[in-house]
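Down below is the structure, laid out as structure tokens.
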Amino acid sequence: MMKKTLYMMLAAFVALTACKKEIEMDYREVEPLVMIEGRVTNEGVSVLITCTRNMDDPVRGKGLAGADVRIEADGVSEQLLYDPSTGYYLSPSGMKGQTGKTYRMTADFEGGHYEASSTMPPPSDIISTQFNWLDFMNDRMLFFCFEATDPLPDQLNYYWCRMDRQTTNPWLLEHIDLTEAYRWGVFDNRGAAPGLIIHDIMCMTENNAEKDKEDDRKRLLYDGDIVTLTLMTIDQPTFEYFKSLSAGQRGGANPKSNIEGGCLGYFTAGNVSRANPVVYHPD
Amino acid sequence: MKLKHLLLCASFVLALPGTAQVEDIEHEDSLQEVIVNAHSARKRMNEVQMGVEKIEITTLAKMPVLFGEKDIIKSLQLLPGVKSEGETSGGYQVRGGKATQNLILLDGASIYNSGHLMGIFSSFNDDALINATLYKGMMPAELGGATSSVFDISTRPGNMQEYHASGSIGLLAAKAMAEGPIKKDRASFFVAARRSYVDLLLKASKDFKNNTLNFYDLNVRLDYKLNDKHRLALTAFHSRDNMGLEDLMSLKWDNTAVGLNWFHAANDHYFANTRLTYSNYGSDATIDMMSTHYSMAGFIRHLTLHREDHLTLGSHQLNLGLESTLLHLQSAEWNINLLHQREHRKAWTNAFWMNDDWKICRLLDVSAGVRLRLFSVLGGVSYYQLDDNGNITETLTTSNGEFVKTYVHPEPRLSMKLQLGAKHSLKLGYSRTTQDIRAISGTTQSMPIDRYTMTSNILLPEIADQVAFGWMGMTTDGTYDFSAETYYKHINNTYDYRDGKSFYSEIEIERLLLGGRGRAYGLELCARKNKGRLTGWMSYTLSWSENKIPGINDGKWYTAPNDRRHDLNIVSMFQLTKHWDLTATWRYTTGQAMSAPSAKYEIDGTTYYYYAERNGYRAPAYHRLDLSASHTKRIGKRKKLTRIWTFGVYNAYNRYNPFSISFVNDMDKPTGTKAEQTSIYGILPSVSFTLKY
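From first to last, the protein sequence lines are chains A and B.
Here this note's numbering is used: the first residue of the first sequence is 11, the next is one more, and so on.
Here this note's numbering is used: the first residue of the second sequence is 2, the next is one more, and so on.
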């Protein structure tokens, strides 16, 4: 947040003269790489296996079948089954993650062997959510703020949060993929009041909302949009993965996967909590 | 050598603390003439030291400038082997190094992050400078502390005979200067100040009226001639920047430097210079927004005693000396809501050197020396042991003043010049330099929010070895001169952030860093026209810069982010009439190295990019034409006033050059992705008015 905010401040100063234009790039192709997204949560188990695609390929990757995926905890291993309707590998027994347990994932796919482990932290309960406006340079900035419990206040805890929106805006329905998060991020509890975390997610400025430019629409909320918040406690390797995923996109580096075997992606055991949906109204 | 000349030498030494070269002043009668003459083709030809660029302040005054502010750093970037960090940055890169590998000395005191307004202007007021010399990694033994370059700048001494003053108003800042005798022929003063008024312009805007955006700087110098053999100079410098978005965020940084210099000439063959300096660089960033209350502050403080003795023994000119510095560096002190953390470090560094400028025969000159550097990490704060992932495995408790670790490094220096007749010379050099203080920047440009760190029990001193070979030729009358220099540099223990880490990730900065190696090589060509109504130069640099850091790019060599293959600068100055001077500069650089994705994939529904190689792509080329016209006229009954109007156009043909390139998902594109270039400045006209007395 601090880094992002400071860069925002610097950007505000250069914004007076800056201009943007699209340029042509001649991307070099590489052999497809395996990408694994594995989660064990209190809600269930899911593993998605996809492959990277070329830069000129607009079609999103589908979950790939044919892998042998297993989840192991306390010496008990369970093979996950491929669900063609979602593309995910799911637990046939309805396995759910438990706090404090360490889970190990193995996946064998097209000659590659991949494995990772993760320990599930205790849950954080969302206490409240609300929209707040902040006066800012003759404008107002909208934040989505939430409070949640910090389960282990005397140690460093890590969180992943995701904000989704359901919209009826016809332009958005046509132009964006609604499986994409409206906002997401990771943060830790450094400096938090004992037992309580407060987090603000920057949404948009009032001026931008009024101007409603096409380039901005993906970042805008519209009257009547329904916003949901998902909060997940995660372990440090998962936090490092998401942190480096976010930083690397700007700096040209790939995130550091916690999965061994040479694939992209992550495996996490996390405790998920969800907030009640909030309807956005400008006033 | 007459005593009068020694006193002139005193002026030179005091003005340019680290680099006195007696031969430069042999036939001159005033300091100003010394400086001008130091840049003649013959002087460049006779210079034994390789990789030296002396900046002519009078030339600087004619350069086209952004927003009407003359800028020594921007002028530096037009020289061969020197590159701009970026359009908005005050940083410069020398021979493949990073801006953070440069050391800037003002009257012998270290200055950091020397840019106003995030680097749009440098912190150095051109009115306050007498001379400046850039050492591009090859340097005499009395200089050290940087692996890329040392830029040695001197504050102008006050006139001991007459009073002078000047004032100047530009688009964004105003400045004033005054100098004169305190006691004629005995003591003088010089004072120069500059203040921006961007904030006044902001106040007129409804949207920005509650924001802060200003800077100021102040240079003061007092000179006192005790007698024919002793001179004292007291210098002081302070610069500060304040930026703020209402009460929500602020960013401030400042440099303060104070120095006392004592020059002593015992006889015709011996003089000495003793200098005591203190410098403090500080930065402070705060955010107070919604539930976020952050502050972060850092500083670097030096207290240095420097002594050098110059002895002439026949054909040998010896320079012996020592430098002792107490360092106190705070990499960060932050408050994150209820959390307060601080990391600071202390060290004591000492250097002893001996350098001999030896004229072996009429054709061969050698400058050879060695600098012995000792860096002692001092206790009183916590140190750590780390595992390979940067996790703390042990905390070391140390007592105040305890020597935690001492590094000893000899740094040999050698430059040779072989004179081939009156018009040609060949030069060869080798230099080893070390650097202990470094900024760790998360971006390709230096920022006030960069965290600084220094050599510790974990971080090793950065060590650079450079070899260079060059030729210089000139026409008979010195109207034209030409030079070619090629270099190879290897750097050990260069540090960068681990992937995914930033300045804010941990208070213990060593946990954030990975060390590796770097190498750079290239060729620099320069052609100058020194006489006539049209003067100027054309410089071309061909260069490569690469890094190898375990954990990045599979541990293989990769192109450094500051790598650019070709840099071409053309500077022309034309005296149109007695009153009008015209200047044009054109620069062309091939694209900066950048990372671009080679594939894409989805995580949690969002598309991300896969980068197959670090810095494997090139941004579009950069080119820009800047123009300037100055009208100078003496006015008043006794013609004691000089009025100067300067008109400038930055980026005259309004090219939007690449500042950054980003990749964004766009479902409207057939590929689903677009590459977007951000540019900062289009065409920018400027005007400034100066009145001198």
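C-beta atoms are modelled at their ideal positions from N, C-alpha and C, and glycine is treated no differently.
In this text, all values refer to a predicted model and were calculated from it rather than measured experimentally.
ask   = Should the region 148-158 of chain A be called in touch with the region 206-213 of chain A, which here means at least 3 C-beta pairs below 8 Å?
value = yes
Backbone secondary structure at residue 26 of chain B - three-state DSSP = In this prediction, residue 26 of chain B scores a pLDDT of 33, lower than 50, which makes its location untrustworthy; the coordinate-derived value is nonetheless stated afterwards. Three-state result, residue 26 of chain B: helix.
CB-CB length for residue 295 of chain B against residue 335 of chain B, believed under 8 Å = 7 Å
ask   = Within 8 Å (strictly less), CB to CB, does residue 75 of chain A reach chain B?
value = no
request  = Helix, strand or coil for residue 227 of chain A, going by three-state DSSP, please let me know.
outcome  = helix
task = Consult DSSP for residue 129 of chain B and reduce its assignment to one of helix, strand or coil.
result = helix
ask   = Alpha carbon to alpha carbon, what distance is there between residue 212 of chain A and residue 251 of chain B?
value = 18 Å
ask   = According to DSSP, which residues form a beta bridge with residue 414 of chain B?
value = B:370, B:432
task = On the DSSP bridge assignment, give the partners of residue 463 of chain B in chain order.
result = B:436
task = Closer than 6 Å by C-beta to residue 107 of chain A: which residues in its own chain qualify, once you throw out the five before and the five after it? Chain order, please.
result = 50, 51, 52, 130, 279
Chain A within 8 Å of residue 677 of chain B, Cβ atoms only = yes
ask   = Is it a yes or a no for the region 96-115 of chain B touching the region 536-546 of chain B, going by three-plus beta-carbon pairs under 8 Å?
value = yes
task = Could you name the residues of chain B that residue 40 of chain A contacts, counting a contact when the two beta carbons are closer than 8 Å?
result = 599, 600, 611, 613
query = Shortest alpha-carbon distance to residue 351 of chain B belongs to which of B:435, B:574, B:134, B:494?
reply = B:435
inquiry  = Can you tell me whether residue 317 of chain B is buried or exposed? The criterion is at least 16 other CB atoms within 10 Å of its CB, across all chains shown.
reply    = exposed
Of the residues B:169, B:52, B:85, B:158, the one placed nearest residue 694 of chain B, counting alpha carbons only = B:169
query = Between which two residues does the alpha helix (DSSP H) containing residue 46 of chain B stretch?
reply = 42-47
message = If you follow the beta strand (DSSP E) that residue 267 of chain B is in, where does it begin and where does it stop?
response = 250-268
key: Short Cβ contact (8 Å threshold) for residue 564 of chain B with residue 616 of chain B   = yes
message = If you follow the alpha helix (DSSP H) that residue 281 of chain B is in, where does it begin and where does it stop?
response = First-last for residue 281 of chain B: 271-290, but that is the beta strand (DSSP E), not the alpha helix (DSSP H).
message = Just to confirm, is the Cβ distance from residue 154 of chain A to residue 139 of chain A under 8 Å?
response = yes
inquiry  = Against residue 259 of chain A, what residues of chain B qualify as contacts under a CB-to-CB distance less than 7 Å, listed in chain order?
reply    = 609, 610
task = Check the Cβ of residue 394 of chain B against every Cβ in chain A and list those closer than 8 Å, keeping chain order.
result = The contacting residues do not exist; residue 394 of chain B stays about 16 Å from chain A at best.
Residue 199 of chain B (DSSP reduced to helix, strand or coil) = helix
ask   = Is it a yes or a no for the region 240-250 of chain A touching the region 519-536 of chain B, going by three-plus beta-carbon pairs under 8 Å?
value = no
query = So is residue 189 of chain B buried or exposed if we call it buried at 16+ other beta carbons inside 10 Å?
reply = buried
message = Run through chain A and tell me which residues come within less than 9 Å of residue 621 of chain B, C-beta to C-beta.
response = 33
task = List the residues that DSSP assigns as beta-bridge partners of residue 311 of chain B.
result = B:272, B:320
query = Buried or exposed: residue 79 of chain A, going by 16 or more other Cβ atoms within 10 Å of its Cβ?
reply = buried
inquiry  = Please classify residue 33 of chain A as buried or exposed, where buried requires at least 16 neighbouring CB atoms within 10 angstroms.
reply    = exposed
ask   = So, is the C-beta of residue 167 of chain A closer than 8 Å to a C-beta in chain B?
value = no
task = Starting from the beta carbon of residue 616 of chain B, find every residue of chain A whose beta carbon is closer than 9 Å, and list them in chain order.
result = 262
key: Contact set between residue 207 of chain B and chain A, taken where Cβ atoms lie within less than 7 Å   = 148
request  = Determine the extent of the beta strand (DSSP E) in which residue 165 of chain B is found, giving its start and end residues.
outcome  = 165-170
ask   = Which value, in whole angstroms, describes the spacing of the CA atoms of residue 218 of chain B and residue 256 of chain B?
value = 9 Å
ask   = Considering only C-alpha positions, which residue in the set A:293, A:275, A:292, A:184 is nearest to residue 60 of chain A?
value = A:275
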